Amino acid sequence: MFEFKVRLGGPAVPDRVVDIAIVGGGPAGYAAGIYAARAGRDVLLIEKGVPGGQMATTELVENCPGCVEGSGAEIGMVMRRQALKFGLKELTAEVTRLDLAASPKRIETPAGDVRARVVIVATGAEPRRLGVPGEDRLWGRGVSVCATCDAPFFQDRDIVVVGGGSTALQESLYLTRFVRHLTIVHRRDQFRGEAILRKRAEADPKIDFLLDTTVEEILGEERVEGVRVRSRLDRSERTLRASGVFVFVGLEPKVDLVRHQLALDPYGQLVVDEQMRTSLPGVYAVGDVRSGAARQIVTAMSDGVVAALDAEHVLSADELVEAHA
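Going by my numbering, the sequence shown wraps up at 344, each residue one higher than the last.
Rendered as structure tokens:
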């Protein structure tokens, strides 16, 4: 085994089994960590990226009750500090393999293997791609899924945003701080996003809308130069000149590590019960990766709390049985 490379607090004792391992450092993962560590459990959270997960890419979070209004990255750091205060340990590493049927369960990383009595899967979801010609070739060269990351590169330029949900509208409003003009392309005849965001976008002079329209191809050789779109009403096509394309068309659950170990629903999400238990004992799934998730920060945190409380109950019951064996 190995010594955990934690960000704060001393290294964990090598070659031991932790009570609970949490895979993923988004709101669900940190909420589970806070409750489990506060209960006195030996808890390790494994995350390869920055605290906050998908939330960390959001410039402004204003619909999280009780959260300090700010960026997703800022809120993620607040969650992290709170969890560390109660004794949560962190390992900054990518999980390459999970063996959830083993006892104890085994988590493999480039830094070494972790063993745990309980595993909470909080791997979240990743942005869905359009799957059109030019998207892969120009990924990172004008095609983006993160306004916070890439907006400054499009200062005073024209861009296209694809999507019709709250994320597309909110990120478009943020992008208007930098760009000259943007067109939101949406395949339906109306937006699905929150009414307050729709009103803000409609009132912004930098934003135009192209509804009942699909993106057919992203154009350009070395950089994005435009987008070929098609009307769903009369099938006519046109080209929009643009230096960038921001794609906000939903999320795909990140289940590759557990695809053949845990039950999935028809949408590729992990099936859970009301306690966030999956199809294997001692394994929980929380946040955007699980079935029926509302994909909101507050509901992800709730999932993490429910899983941590149930895990504590299960671990305590097992320990009581072992003590009387």
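Glycine included, each C-beta is placed from N, C-alpha and C at the ideal position.
Computed from a predicted structure; not experimentally measured.
- Arg57 (DSSP reduced to helix, strand or coil): helix
- What did DSSP end up calling Arg309 once you bin it into helix, strand or coil? strand
- Query: Could you give the residue range of the alpha helix (DSSP H) that holds Lys218?
  - Reply: Start and end: Ala214 to Ala222.
- For Thr202, three-class secondary structure by DSSP: strand
- Task: May I ask you to report which of helix, strand or coil DSSP gives Leu299?
- Result: DSSP places Leu299 outside both helix and strand once states are collapsed to three, so it counts as coil.
- Task: Answer yes or no: do Asp227 and Leu192 have a C-beta to C-beta separation smaller than 8 Å?
- Result: Not a contact, by the Cβ cut-off of 8 Å.
- Task: Give a yes or no on contact between the region 286–302 and the region 157–171, applying the rule of three or more CB pairs nearer than 8 Å.
- Result: no
- Thinking C-alpha only, which one of Pro300, Glu81, Ala56 and Ser90 is nearest Gly72? The shortest CA-to-CA distance from Gly72 to any of Pro300, Glu81, Ala56 and Ser90 is the one to Ser90.
- Please look up how many angstroms separate the CB atoms of Ala135 and Ala40, rounded, as I've assumed it's under 8 Å. Indeed they touch by this definition, with Cβ atoms about 4 Å apart.
- For Pro285, which of helix, strand or coil comes out of DSSP? coil
- Item | Three-state class that DSSP yields for Leu334 in the structure shown | For Leu334, the secondary structure class from DSSP, reduced to helix, strand or coil, is helix.
- Just the Cα atoms here: how many angstroms apart are Arg254 and Ile215? 31 Å
- Item | Residue of Leu194, Lys67 and Ser163 minimising C-alpha distance to Ala130 | Lys67
- Message: Only counting the same chain, and skipping five residues up and downstream in sequence, which positions put a Cβ closer than 6 Å to that of Gln280?
- Response: Leu119
- Query: Around the Cβ of Gly59, are there at least 16 other Cβ atoms within 10 angstroms (buried) or fewer (exposed)?
  - Reply: exposed
- Could you give the residue range of the alpha helix (DSSP H) that holds Ser191? Ser185 to Leu194
- Query: Between the region 181–198 and the region 94–103, do at least 3 Cβ pairs fall closer than 8 Å?
  - Reply: no
- Buried or exposed: where does Glu22 fall if 16 or more other Cβ atoms within 10 Å of its Cβ makes it buried? Interpretation of Glu22 is limited by its pLDDT of 39, a score under 50 that renders its predicted location unreliable; the figure taken from the coordinates is listed afterwards. Its Cβ having fewer than 16 others within 10 Å, Glu22 is exposed.
- Item | Val308 versus Val325 - alpha carbon distance | Rounded to whole angstroms, Val308 to Val325 spans 15 Å at the Cα level.
- Message: Considering just the uninterrupted stretch of the alpha helix (DSSP H) at Val97, what are its terminal residues?
- Response: Gly91 to Lys104
- So, are the CB atoms of Gln174 and Phe210 less than 8 Å apart? no
- Rounded to the nearest angstrom, how far is the Cβ of Leu110 from that of Val277, given a contact under 8 Å? Incorrect: roughly 18 Å between the Cβ atoms, too far for contact.
- Message: Using CA atoms only, rank isn't needed, just tell me which of Val80, Asp177, Ala92 and Ile126 is closest to Leu63.
- Response: Here the closest residue by C-alpha is Ile126.
- Sheet register partners of Ala135 (DSSP bridge): Val37 and Lys124
- Query: Secondary structure at Ser72, three-state DSSP: helix, strand or coil?
  - Reply: Going by the sequence as given, residue 72 is Gly instead of Ser. Three-state DSSP puts Gly72 in a helix.
- Message: Can you tell me which residues form a DSSP beta bridge with Arg176?
- Response: Paired residue(s): none; Arg176 is not in a bridge.
- Task: Can you grab the Cα-Cα spacing for the pair Val302 / Ser250, in whole Å?
- Result: 46 Å
- C-alpha distance - Arg199 paired with Val333, whole-angstrom precision: 56 Å
- Query: Got a sec? Which residues, its chain only, sit under 8 Å from Val151 by beta carbon, not counting five neighbours each side?
  - Reply: Take Val151, set aside five residues on each side of it, and the residues of its chain with a beta-carbon closer than 8 Å to its own are Val234, Glu235, Glu236 and Ile237, in chain order.
- Message: Let's test the definition: count the other Cβ atoms within 10 Å of the Cβ of Lys124 and tell me whether it reaches 16, buried, or not, exposed.
- Response: buried
- Item | Ala112 in three-state terms, based on DSSP | coil
- Item | Coarse secondary structure for Glu81, derived from DSSP in three states | DSSP places Glu81 in coil when its eight states are reduced to three.
- Status (buried if at least 16 other CB within 10 Å, exposed otherwise) for Tyr54: buried
- Query: Quick one: Cα of Ala166 to Cα of Glu271, how far?
  - Reply: 18 Å
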